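Peer 1: In UniProt numbering, the protein residues as written are 1 to 951.
My structure is below; once you've seen it, I'll send some questions.
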């Protein structure tokens, strides 16, 4: 039976480890104060290096982040949701149509000053970025038929709404520049920036158009209200018709720091703006940032998510789903669908809409059986009587009054028995009040039941749709069986209840769903936090080990060695460095071979000589190309998605809308809908991107989602086993003096900590490789595809006259026919070249982690062996003061006390940790001689660039 004190729950385990980390860091910060008085130059340098190492650890622990994107269009409840998660009314919620392109990031505020409880860093767009945006706007204005593309309906009069996007963006430029519309239309982008308020807002002088540097401004406040007023001009899209100069159109990013509990351990909530206008450069802001997100919360209202015919299609596009599966983030711990506004529900037809037994019975008690049912012969007398008697007292009173009015005897009885009648009236009033309260409580419970039943249906419908989508996009059954979390919630109800008010249909705070979403954020971040804290604890242990070494120089207690023994020890220390270097080299080669043979795109390793070789019987490119040709045909239809009706699905898109997409070179375009209609989105390049991955996603998922986690485990196991084998051989070497082997054995735990620290660094670099690969799979691939497709769109845009859409469609199809297959092959080859280079960077980093002159693990090991050698070969006498450690007994005592405090605390925590999983390591079957030492030549070049390093 397992010990009850063992921390099997990951939440408890992480909290204990994080507490130990905070304690360890606190103790370590006391050590430099104790060592301030030392004068020995060599030892002072060791302490300085140690302090730099500690500073890097603290910086790393504070700079880590888990970026969680919160996405959703205006009006879906995203801002209210963010405010409740943050427990602060920071995010603006009053805007009918938010149109700022800025990304808002909410992180934890580690500042302690009272005047800095709320902080924000506002980053303004660079000159080059704003010039690009203005150029895009000018191109829109230059098109004479721009007016035709803004309206959604083909037969509508387009002249009135033709300038929707252009007018809105002109107003935005006027708002920050201070210029009028005529100036915006007539001046060049550079002239607008020079004559307007651009540099004044950014607090910078004139810059050349090539300037791509951003600038920032920091604000802080002691309370939320004051902070909101200061932040509003930068983060909130205000009235464009205001005469005041407005900052928000020029803001690229806002980082807000506050003391919200949900953010304490590295979670950062990212408010991604919706693409509210048609200009593609604004859509790219959110698109680009998405690739940095570790997790995502997608907001969808109950009115939309409840439609089981289109649940997933209304929440995610085909390209979204493909990206999720490339990243392996289409699962519970990475993606959450937050169904908002669940309190927006009508219970008048509850029994018909949610016909559960409990809801039907409760509605009948509260409102009576519907007329068509009460006249039905199938209902017996008892049931009818029961329903009738539960009708409100007011109806009983009306019935009694009617009877009294028809009887003269009753009138006489009333005058003769006034006291009895008064008593009866009192009882009736009391009964009416009691029954009114019961009715109110019943209605409350009915709404609660309806909300819960609709929640259940929505979760089921969305879950089934997501599971179907997962199976369509995933090559692995294990991956396909995992779907995102679905959490129904009401921010409005939570806000009222946390302020002590009641909300019909929500008996507890938990029933609002906000606590469940907070728990999802916390629970899904725990594995990441545990990996962080494990690495930090290894680092802390290495720093304590170094201090422990400084306290062990009591030369008088060591045995006296012969000259021959001292010679053997010095020789052994020299050989240890070479042996370790050779061991690490072999480990590096094993890791390299595994990374270079991942085969992420085809049955070819990432070996330089293979990358440009054509396919051997594989059909990935052909599948991708076939999907692309099909996608090009669907661009001509208004609603090609599967959830559309058969009639609408094949309806031709308006030629103006088609041309609008061409003008944007296939980039994102959103129509301006008629009143009450849903705005439609067109993103042809997303279809091209999806088409490429239709043929390649299976191998990519296998490499980075299934094999990569195992590969990291094998790296840890291989390094650990390499240390075990090395230390065992060293301790079993009878040619070495016994005192030396005893000293090494006594300090072997320190060396093991160094190896664990080394493996943490390598695994972190591998995680970085995977993150870069996933970004390349989206951003780099899309950029290359856009570049190759652009000539086809430009040729189509030049078409004029009658039948323009037919001409344009033919031009695009011909372009795809000519370059499609070659384009996809080029994209694949380029991606393989970049992946190979990233693998090489991991290998270079691995060598650096071992050989860095200040923080390299190999250097730390070498110093430890030199310390052992110096102690053993000191002939039992302390060195002169100019050569010694300059640590007196009092200083040593203080250091030992601090070390003991740490060891006691860590041992108590460590005793409660579960047993580590068995190690797995690379074996001979994992080696692929085909890969060889792939980077030998590149390493030679790198070594010449870094003469301080060597193999």
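Glycine is no exception: its CB is placed at the ideal position from the N, C-alpha and C atoms.
Because the structure is a prediction, the values reported are computed rather than measured.
If you run the structure through DSSP and keep just helix, strand and coil, what is residue 13?
Peer 2: helix
Peer 1: Please determine, among 250, 898 and 822, the residue with the shortest C-alpha to C-alpha distance to residue 545.
Peer 2: It is 898 whose Cα lies nearest to the Cα of residue 545.
Peer 1: Among the residues of its own chain, which have a CB less than 7 Å from the CB of residue 184, if the five just before and after it don't count?
Peer 2: 170, 173, 174 and 192
Peer 1: Between the alpha carbons of residue 352 and residue 502, how many angstroms are there, rounded?
Peer 2: 27 Å
Peer 1: Starting from residue 587, trace the alpha helix (DSSP H) both ways and give me its first and last residue.
Peer 2: 563 to 596
Peer 1: Tell me the rounded alpha-carbon separation between residue 452 and residue 78.
Peer 2: 21 Å
Peer 1: Buried or exposed for residue 917, going by 16 or more other Cβ atoms inside 10 Å?
Peer 2: Classification of residue 917: exposed, given that the 10 Å Cβ count is below 16.
Peer 1: Only counting runs of 3 or more residues, tell me where the beta strand (DSSP E) segments fall wholly within the stretch 466 to 511, in order along the chain.
Peer 2: 485 to 488
Peer 1: As a quick exercise: from 920, 499, 464 and 497, pick the residue whose alpha carbon is nearest that of residue 482.
Peer 2: Closest by alpha carbon: 464.
Peer 1: Per DSSP, residue 104 forms a beta bridge with which residues?
Peer 2: Beta-bridge pairing links residue 104 to 254 and 271.
Peer 1: Assuming contact is defined by CB atoms lying nearer than 7 Å, are residue 600 and residue 703 in contact in what I supplied?
Peer 2: One thing to note: residue 600 has its Cβ within 7 Å of the Cβ of residue 703.
Peer 1: When you compare the CB of residue 169 with every CB in chain B, is at least one pair closer than 7 Å?
Peer 2: Checking the listed chains, one finds no chain B in this structure; it contains a single protein chain.
Peer 1: Hey, out of 27, 11 and 105, whose CA is closest to residue 547's CA?
Peer 2: Checked all of 27, 11 and 105; the closest Cα to residue 547 is 27.
Peer 1: Tell me which residues share the same chain as residue 11 and place their Cβ nearer than 8 Å to its Cβ, disregarding the 5 neighbours each side in the sequence.
Peer 2: Around residue 11: 522, 523 and 526.
Peer 1: Please classify residue 571 as buried or exposed, where buried requires at least 16 neighbouring CB atoms within 10 angstroms.
Peer 2: Exposed is the call here.
Peer 1: Roughly how many angstroms separate the alpha carbons of residue 121 and residue 218, rounded to a whole number?
Peer 2: 5 Å
Peer 1: How is residue 247 classed by DSSP in three states: helix, strand or coil?
Peer 2: coil
Peer 1: Which same chain residues end up closer than 6 Å to residue 318 when comparing Cβ atoms and leaving out the 5 residues on each side of it in sequence?
Peer 2: 690
Peer 1: Going by other Cβ atoms of all chains shown within 10 Å of its Cβ, with 16 needed for buried, is residue 737 buried or exposed?
Peer 2: buried
Peer 1: Going along the chain, which residues of its own chain have a beta-carbon closer than 6 Å to the beta-carbon of residue 638, five neighbours each way excluded?
Peer 2: 651 and 653
Peer 1: Comparing alpha-carbon positions, which option in 90, 111 and 113 lies nearest residue 229?
Peer 2: Taking only the C-alpha atoms, the option nearest residue 229 is 90.
Peer 1: Among the residues of its own chain, which have a CB less than 6 Å from the CB of residue 405, if the five just before and after it don't count?
Peer 2: Residue confidence for residue 405 is low, a pLDDT of 46 falling below 50, so the modelled location carries little weight; the figure read from the coordinates is stated next. Excluding the 5 residues flanking it on each side, residue 405 has no same chain C-beta neighbour closer than 6 Å.
Peer 1: My assumption, with CB atoms under 8 Å, is that residue 66 sits in contact with residue 762. Please give the rounded CB distance.
Peer 2: Wrong, their Cβ atoms sit about 22 Å apart, outside the cutoff.
Peer 1: So, helix, strand or coil for residue 70, using DSSP?
Peer 2: strand
Peer 1: Please state whether DSSP places residue 559 in a helix, a strand or coil.
Peer 2: coil
Peer 1: May I ask you to verify whether the stretch 623 to 638 touches the stretch 752 to 767, counting CB pairs closer than 8 Å and requiring at least 3?
Peer 2: Contact between the stretch 623 to 638 and the stretch 752 to 767 is absent, because fewer than three Cβ pairs lie under 8 Å.
Peer 1: Hey, how far is the Cα of residue 681 from the Cα of residue 661?
Peer 2: 10 Å
Peer 1: Is it a yes or a no for the stretch 578 to 594 touching the stretch 720 to 737, going by three-plus beta-carbon pairs under 8 Å?
Peer 2: Three or more Cβ pairs drawn from the stretch 578 to 594 and the stretch 720 to 737 lie within less than 8 Å of each other, which places the two stretches in contact.
Peer 1: Can you round the beta-carbon distance between residue 256 and residue 103 to whole angstroms, since I take them to be within the 8 Å contact cut?
Peer 2: About 11 Å separates the CB atoms of residue 256 and residue 103; that is not less than 8 Å, and the two are not in contact.
Peer 1: Which word fits residue 471, buried or exposed, when buried means at least 16 other C-beta atoms lie within 10 angstroms of its C-beta?
Peer 2: exposed
Peer 1: Taking residue 121 as part of the alpha helix (DSSP H), name the residues at either end of that continuous run.
Peer 2: Per DSSP, residue 121 belongs to no alpha helix (DSSP H); it is in the beta strand (DSSP E), 118 to 124.
Peer 1: Measuring CA to CA, which of 740, 587 and 7 is closest to residue 755?
Peer 2: 587
Peer 1: Tell whether a beta-carbon distance below 7 Å holds between residue 952 and residue 811.
Peer 2: The question about residue 952 has no answer, for the chain in this structure spans 1 to 951.
Peer 1: DSSP three-state label for residue 853, please.
Peer 2: coil
Peer 1: Per DSSP, which one or two residues make a beta bridge with residue 339?
Peer 2: Among the bridge pairs identified by DSSP, residue 339 is matched with 300 and 488.
Peer 1: Do residue 655 and residue 805 have their CB atoms nearer than 7 Å?
Peer 2: Yes, the pair counts as a contact, with Cβ atoms nearer than the cut-off.
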